[in-house]
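Chemist:
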Amino acid sequence: MAACCRWEGPDGLEIGAGESRVRAFEGVLSIVGALKADAGNYTCLVQNSAGVRQRPVTIVVSGQFRVNSSLFFFFVNPLNPSLTLR
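Here my numbering is used: the first residue of the sequence shown is 644, the next is one more, and so on.
#1: Which value, in whole angstroms, describes the spacing of the CA atoms of Arg698 and Ala667?
#2: Where do the N-terminal and C-terminal ends of the beta strand (DSSP E) with Gly683 fall, by residue?
#3: Compare the beta carbon distance of Glu657 and Tyr685 with 8 Å and say whether it is the shorter of the two.
#4: What are the residues that DSSP puts in a beta bridge with Glu669?
#5: In the DSSP assignment, the beta strand (DSSP E) including Pro699 goes from what residue to what residue?
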C-alpha cells in the first residue's frame, strides 16, 4: 500500500483539493490569502501498510495581509508543525 496523506481542518473535517482558499492536494496544505479565521489546529494524517500517523500543525494568523496579487499563498510542511503569519 502506497502512503496516503490527508489534512483535517480545525473543525475536524477533511480538507479537499477543490476550489476553496484552504485546500490540500498531494499531501500539501495550502491557504490562499490567509485570514485570521484560518488560524487554528490542523492535522496531517498519513496512512500506509504500517498504519496511520497524525501530526498536529498550529497556524497562527496575526494582523491582516494586504497583498495586491491573488498569487499570495503559503504551504504547510508537516515536518515543521508550527507556522505564524504576521
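Heads up, the beta-carbon is just placed ideally off N, CA and C, and yes, glycines get one too.
If you're wondering where the values come from, they're calculated on a predicted model, not measured in any experiment.
Modeler: Quick answer:
#1: 15 Å
#2: Gly683 to Asn691
#3: no
#4: Glu669 is not bridged to any residue.
#5: Gly694 to Val704
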